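Taking UniProt numbering, the leading residue of the sequence shown gets 1, the next gets one more, and so forth. Below you'll find the structure, written out as structure tokens, and then a few comments.
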Amino acid sequence: MLKGSKVALRARHEEDIPILHAELHDDVVTASRAVGRPWRPIAPDSKESQFVVDDTAQGRVAFSVVELDGGTLVGTATLWGIDDHNRSAHIGLGLLPSARGKGYGSNVVAVLCHYGFVVRGLRRLQIETLADNTAMLRSAERNGFVREGVLRSSAWVMGEFLDEVLLGLLVQEWKREGSRSS
Ligand SMILES: CC(C)(COP(=O)(O)OP(=O)(O)OC[C@H]1O[C@@H](n2cnc3c(N)ncnc32)[C@H](O)[C@@H]1OP(=O)(O)O)[C@@H](O)C(=O)NCCC(=O)NCCS
Numbered sequence: 001m002l003k004g005s006k007v008a009l010r011a012r013h014e015e016d017i018p019i020l021h022a023e024l025h026d027d028v029v030t031a032s033r034a035v036g037r038p039w040r041p042i043a044p045d046s047k048e049s050q051f052v053v054d055d056t057a058q059g060r061v062a063f064s065v066v067e068l069d070g071g072t073l074v075g076t077a078t079l080w081g082i083d084d085h086n087r088s089a090h091i092g093l094g095l096l097p098s099a100r101g102k103g104y105g106s107n108v109v110a111v112l113c114h115y116g117f118v119v120r121g122l123r124r125l126q127i128e129t130l131a132d133n134t135a136m137l138r139s140a141e142r143n144g145f146v147r148e149g150v151l152r153s154s155a156w157v158m159g160e161f162l163d164e165v166l167l168g169l170l171v172q173e174w175k176r177e178g179s180r181s182s
């Protein structure tokens, strides 16, 4: 398990899937903003659910996020697009509505940085998020990510094109704090 100051990242348990599905996928607006694909109804027990983990997929590692105290499920976190040649990867996360705005998002990013840089030996982590997603932008910047560019009108979201911001963090810029393995 990977621990931060507020949250821990552990393996996906089967009983997490219906909760993540109901609170994240079935919220059409949040899912459309986060996923970058057209929303469609998917049954929670479907193999197509984005929360079903394929342990054989080498380029993607999915975690469930739990509260450090008590272990309540609060969301999902992913290191994806893992490129062992260029030693880079992307970060993604989504918290249940009741868990947002408590500093968990910033701490999840800290723990994913620990996983990417320390456990996996990567050199560069990247985040793409909608330009109006202030909470995601701040969660990234709090961990040292810098804005590297704006992808203009790159995301079709619920009837309009929105800009995305690309943020990056290099291992030598990273300040190791707020996370540990145990
Ligand atoms: C984006 C998300 C992961 C951020 O996590 P969070 O726990 O809500 O964020 P935090 O509480 O750690 O706050 C991080 C910063 O954002 C600010 N913030 C939080 N919610 C905010 C909001 N609704 N509006 C503006 N700022 C906000 C906080 O004040 C904090 O700023 P600071 O670092 O200057 O103090 C979470 O809100 C979420 O899951 N949203 C829905 C899914 C999503 O957008 N995922 C990302 C897709 S790329």
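All residues carry an ideal CB built from backbone N, CA and C; glycine is no exception. The model shown is predicted, which means the values in this text are computed figures rather than measured ones.
Through-space distance from residue j to residue i, alpha-carbon basis
i           : j           : result
residue 84  : residue 66  : 28 angstroms
residue 133 : residue 40  : 22 angstroms
residue 131 : residue 34  : 12 angstroms
residue 103 : residue 6   : 8 angstroms
residue 80  : residue 159 : 27 angstroms
residue 10  : residue 4   : 11 angstroms
residue 157 : residue 38  : 8 angstroms
residue 118 : residue 92  : 18 angstroms
residue 87  : residue 129 : 21 angstroms
residue 75  : residue 28  : 16 angstroms
residue 63  : residue 163 : 27 angstroms
residue 21  : residue 32  : 13 angstroms
residue 60  : residue 23  : 22 angstroms
residue 151 : residue 109 : 22 angstroms
residue 172 : residue 82  : 19 angstroms
residue 42  : residue 30  : 15 angstroms
residue 116 : residue 122 : 6 angstroms
residue 46  : residue 36  : 20 angstroms
residue 161 : residue 14  : 35 angstroms
One or two residues paired with residue i in a DSSP bridge
i           : result
residue 17  : DSSP lists no partner for residue 17.
residue 155 : 162
residue 29  : According to DSSP, residue 29 bridges with nothing at all.
residue 129 : 165
residue 150 : 165
Beta-carbon proximity of residue i to residue j, cut-off 7 angstroms
i           : j           : result
residue 106 : residue 142 : yes
residue 77  : residue 112 : yes
residue 174 : residue 149 : no
residue 181 : residue 2   : yes
residue 222 : residue 96  : The requested residue 222 is not part of the displayed model; the chain covers only 1 to 182.
residue 170 : residue 124 : yes
Among the options, the one whose alpha carbon lies nearest that of residue i
i           : options               : result
residue 176 : 55, 114 and 7         : 114
residue 168 : 180, 139, 33 and 162  : 139
residue 186 : 72, 28, 6 and 26      : This structure cannot speak to residue 186, because the chain is shown only from 1 to 182.
residue 89  : 100, 64 and 120       : 120
residue 17  : 92, 53 and 137        : 53
residue 49  : 26, 116, 161 and 68   : 26
residue 99  : 135, 128, 161 and 124 : 135
residue 19  : 116, 44 and 166       : 44
residue 101 : 137, 151 and 47       : 137
residue 94  : 51, 47 and 55         : 51
Cβ-heavy atom distance, residue i to ligand 3, below 6 angstroms
i           : result
residue 139 : Only ligand 1 can be found as ligands here, which leaves ligand 3 out of the picture.
Item to check | Length at least 3, wholly inside the region 51-79: the beta strand (DSSP E) runs in chain order | outcome: Runs of the beta strand (DSSP E) inside the region 51-79: 61-67.
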